[in-house]
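Report on the following structure.
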Amino acid sequence: MDTELSTFIGAMIGTAVGDSLGVRREGSSAFREIKDIAPKYSDDTAMMIGVAESLIECRGFDGGHMARTFIENYEKEPWRGYGAGPQRIFKMIRAGRKWSEKLDRELYPGGSYGNGAAMRAAPIGLFYHDNAEKVREVAYGSGGITHNHALALEGAAIIAYAVARMAHVERPNVRKHEFIEELKRFTHYDLYRKKLGIAHKLLDTGAERYEVVRQLGNGIEAYNSVPTAVYAFLANPDFESSTIYAVSLGGDADTIGAMTGAIAGACYGIAEIPGRWRVTVESGEYIERLARKLWEARRAVAVG
Ligand code: F2R
Ligand code: MG
380 MDTELSTFIG AMIGTAVGDS LGVRREGSSA FREIKDIAPK YSDDTAMMIG VAESLIECRG
440 FDGGHMARTF IENYEKEPWR GYGAGPQRIF KMIRAGRKWS EKLDRELYPG GSYGNGAAMR
500 AAPIGLFYHD NAEKVREVAY GSGGITHNHA LALEGAAIIA YAVARMAHVE RPNVRKHEFI
560 EELKRFTHYD LYRKKLGIAH KLLDTGAERY EVVRQLGNGI EAYNSVPTAV YAFLANPDFE
620 SSTIYAVSLG GDADTIGAMT GAIAGACYGI AEIPGRWRVT VESGEYIERL ARKLWEARRA
680 VAVG
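Counting the sequence shown from 1 gives a position; the working numbering is that position plus 379.
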């Protein structure tokens, strides 16, 4: 299989697998490894699918279209466990408000800093993988439909950029320290730079799980989960161990699992995702087809 195509499918199936591995552990405080995925993915994957569907149909980012896609998908399956903010925002838009009004700022001071923009960002990194500024611009545009706190948007940009970079590394030999330094250079925010620096140090010390959670976090806030996902990816040698480890940290396990799965899936490619997960993940065939369409759409835009 074409390496780039394998990256696209790996990142999107990786999101769904990480999410499905963690979804039964979301909110747990115990450190426990689990190896079986749940039969259903959650809002993390549903919204990642929405991002991909819209990028494919519009051959790039269109905020109005992406917002409509999110809403239509939510209305078909409102039981997926969506965050409180997005659910209210979708209803506000249905009632006539504009998607671009930064509606989360009416719900949370300064907007939402939840990780809902980051958890769905993988297709953006894939589609724009050769253009870091476009990755940031579209991560912010897509994130801003539901999240306008600077740290939520930056978290989305970091996940999208991490996925994007995986299309350019000679896998599976990611140079961990260079990669984390690259993310530190990419981010515009001191808090992320600081946390990525902590992740760098933890990589060197081989820290216990409680220490990773104490220093990086495992919460629903983007800044308490995005650096943790980067760490979970870098601290483990393959897709399987990265995602099992991510989920074993507890807390917002499905979302840390989804983000880790996106980066690890992009890095190692679809062939390295264990078959037992690849064949049982919900809507796996649809997600693989979508990843292929996203890859084709990117090639058409790049060529045209
Ligand atoms: N919704 C969940 N989990 C809840 C349980 C689901 C259950 N299993 C079920 O089936 O119902 N998980 C999903 O939501 C997270 C992503 O959330 P998102 O999209 O960021 O939502 P929101 O509402 O924007 O933010 C989440 C919470 O963060 C706090 N918060 C955000 N900004 C804040 C601010 N400025 N000030 C204070 N608090 C702020 C609030 O508590 C929000 O509710 C993922 O985990 C996904 O899996
Ligand atoms: Mg979650």
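Just so you know, even glycine gets a beta-carbon here, dropped at the ideal spot from N, CA and C.
Exercise for review: Specify whether the region 556–565 and the region 591–599 touch according to this definition: at least 3 beta carbon pairs, one from each stretch, less than 8 Å apart.
Suggested key: no
**Study point:** Supposed close pair Gly636, Ala409 - CB separation, criterion 8 Å
**Key:** Not a contact, Cβ separation roughly 15 Å.
Point to revise | Residue burial classification, His528 (beta-carbon count within 10 angstroms, cutoff 16) | key: Classified as buried, His528 has 16 or more neighbouring CB atoms from the shown chains inside 10 Å of its CB.
Exercise for review: Please say whether Gly520 and Ala531 have beta carbons closer to each other than 8 Å?
Suggested key: no
Check your understanding: If you measure from the CB of Glu405, is any heavy atom of ligand 2 nearer than 7 Å?
Key -> The answer is yes for Glu405.
Practice item. Less than 8 Å between the CB atoms is what I'm expecting for Phe387 and Trp656, so what's the real figure, rounded? Key: Contact flag wrong, Cβ pair sits at about 17 Å.
Review point. Got a sec: does ligand 1 put a non-hydrogen atom nearer than 7 Å to the Cβ of Thr386?
Key: The closest heavy atom of ligand 1 lies 7 Å or more from the beta carbon of Thr386.
Point to revise | Exposed unless 16 or more other CB atoms sit within 10 angstroms - verdict on Ser399 | key: Answer is buried; the Cβ neighbour count reaches 16.
Exercise for review: Please confirm whether any heavy atom of ligand 1 lies closer than 7 Å to the CB of Ser408.
Suggested key: no
Point to revise | Same chain, Cβ closer than 7 Å to Gly439, five either side skipped, listed in chain order | key: Val680
Review point. For Gly490, which residues from the same chain have a beta carbon less than 6 Å from its beta carbon, with the 5 sequence-adjacent residues on both sides left out?
Key: Asp483, Arg484, Asn527, His528
Review point. Under a Cβ-count criterion, where at least 16 other Cβ atoms within 10 Å of its own Cβ denotes burial, should Arg678 be classed as buried or exposed?
Key: exposed
Check your understanding: Between which two residues does the alpha helix (DSSP H) harbouring Thr584 extend?
Key -> Its alpha helix (DSSP H) spans residues 569–584.
Check your understanding: Does the Cβ-Cβ distance between Ala501 and Met426 come in under 8 Å?
Key -> no
Check your understanding: Val553: buried (16+ other C-beta within 10 angstroms of its C-beta) or exposed?
Key -> buried
Check your understanding: Straight-line CA distance for Met471 to Gly406?
Key -> 28 Å
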